[in-house]
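Under numbering that gives the first Met the number 0, the residue at position 95 of the sequence shown is numbered 94, and the numbers go up by one with no gaps.
Note that beta-carbon positions come from the ideal geometry of N, C-alpha and C, so glycine has one too.
First up is the structure itself, then whatever we jot down about it.
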Amino acid sequence: METLLVEREAGIVTVTMNRPHKKNAANGLMFEELLEIFREVERNPDDRCMVLTGAGGDFCTGADLSDASGPAMDLSQPGIVRMRRLGEVAMALHQITKPTIARVDGLAVGAGLSMAIGCDLIIASDRARFSMIFARRGLSPDMGASWLLPRQVGMATAKELILLGDIIDAPTALSKGLVNRVVPLDELDGVIAEVAARLGSGPTIALSLAKTLLNNAFATSMSQALEDEGRAQSINFESEDTAEAIGAFLSKRSPNFKGR
């Protein structure tokens, strides 16, 4: 891939947006390659956890508004068609049933922040900065931010972040519930490796079912949630990993999950 670095080790796939000279602003090609890799991670049984990050000290500063092939400037297609292409990228990230982590250093703004909150966890360095910068560009939010952000931080805070478009620092993001953890930069990779290893060695089927239940939580009733939970548990009871977990508990040892 031209705009992404993809590394795999022990079930962890690390996807690095690699346009540091542009603070990893995503051009048309990067969006195409992100769509490809997100779908690949979902299909690949050996990928059990994905880490999404950026090269050169920044996460992603959103769409590259100077790129003629990007969703903002590609005049060969109507705007709604271009934005639907962008929506496919956001949906492909959302539809990854395996745990996903956004490793954020430096700037995560605009569509970059939309992708970060599209991951299950956000772990940030203490020098990270965040903004739903769309309003400053005369734009409204995209890549699922209008759906994701209220679920992440609540409606009042989501409106504040989107309508004002302020850039906030990592401690402020943590206080608003935008990120899960803030750690010193020199500890960031170690913390990411630890969390990713825990998720990647976990019971893959159970974690994927848990993600689905949580993603549906605000769009279902209690009775439907109970039915969905029962259906999920019935699937777990038939998996090798649940049998392993029960056996390990009874034997007073740590389980060795295989993702089956």
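On the DSSP bridge assignment, give the partners of residue i in chain order.
i: L106; result: R128
i: L3; result: M16
i: L120; result: I100
i: E8; result: I11
Hey, could you find the ends of the alpha helix (DSSP H) residue i is sitting in?
i: I245; result: E239 to S250
i: I11; result: Note, I11: premise wrong, no alpha helix (DSSP H); beta strand (DSSP E) at I11 to M16.
i: K21; result: Where K21 is concerned, there is no enclosing alpha helix (DSSP H), given that its DSSP letter is neither H nor E.
i: Q223; result: M221 to F236
i: A205; result: T203 to N214
i: I191; result: L184 to G199
For the beta strand (DSSP E) that contains residue i, what are its first and last residues?
i: M29; result: From DSSP, M29 is part of no beta strand (DSSP E) but of the alpha helix (DSSP H) over G27 to R42.
Using a 10 Å radius around the Cβ and a threshold of 16 neighbouring Cβ atoms, would you call residue i buried or exposed?
i: E32; result: buried
i: R261; result: The requested residue 261 does not occur in the structure, where the chain is confined to residues 0 to 259.
i: I204; result: buried
i: T219; result: exposed
i: A172; result: buried
i: S238; result: buried
i: F217; result: exposed
i: I36; result: buried
i: N255; result: exposed
i: I245; result: exposed
i: G143; result: buried
i: G27; result: buried
i: L4; result: exposed
i: S207; result: buried
i: R136; result: exposed
i: G53; result: buried
| field | Complete runs of the beta strand (DSSP E) confined to the region 134-182 [at least 3 residues] | value | Counting only runs of at least 3 residues, the region 134-182 fully encloses the following beta strand (DSSP E) elements, listed from N- to C-terminal order: 180-182.
| said: Which complete beta strand (DSSP E) runs does the region 41-83 hold, if anything under 3 residues is left out? | reply: With a minimum length of 3 residues, the continuous beta strand (DSSP E) runs that stay inside the region 41-83 are 48-53.
| field | Contact the region 181-197 vs the region 124-143: 3+ CB pairs below 8 Å | value | With a cut-off of 8 Å, the region 124-143 and the region 181-197 count as touching, because enough Cβ pairs lie within range.
| Stretch pair the region 75-84 + the region 93-102: three plus CB contacts closer than 8 Å | A contact between stretches requires three or more CB pairs, one per stretch, nearer than 8 Å, and the region 75-84 fails this requirement with the region 93-102.
| Three or more beta-carbon pairs under 8 Å between the region 53-68 and the region 105-116, yes or no? | Between the region 53-68 and the region 105-116 there are three or more C-beta pairs closer than 8 Å, enough to call the two in contact.
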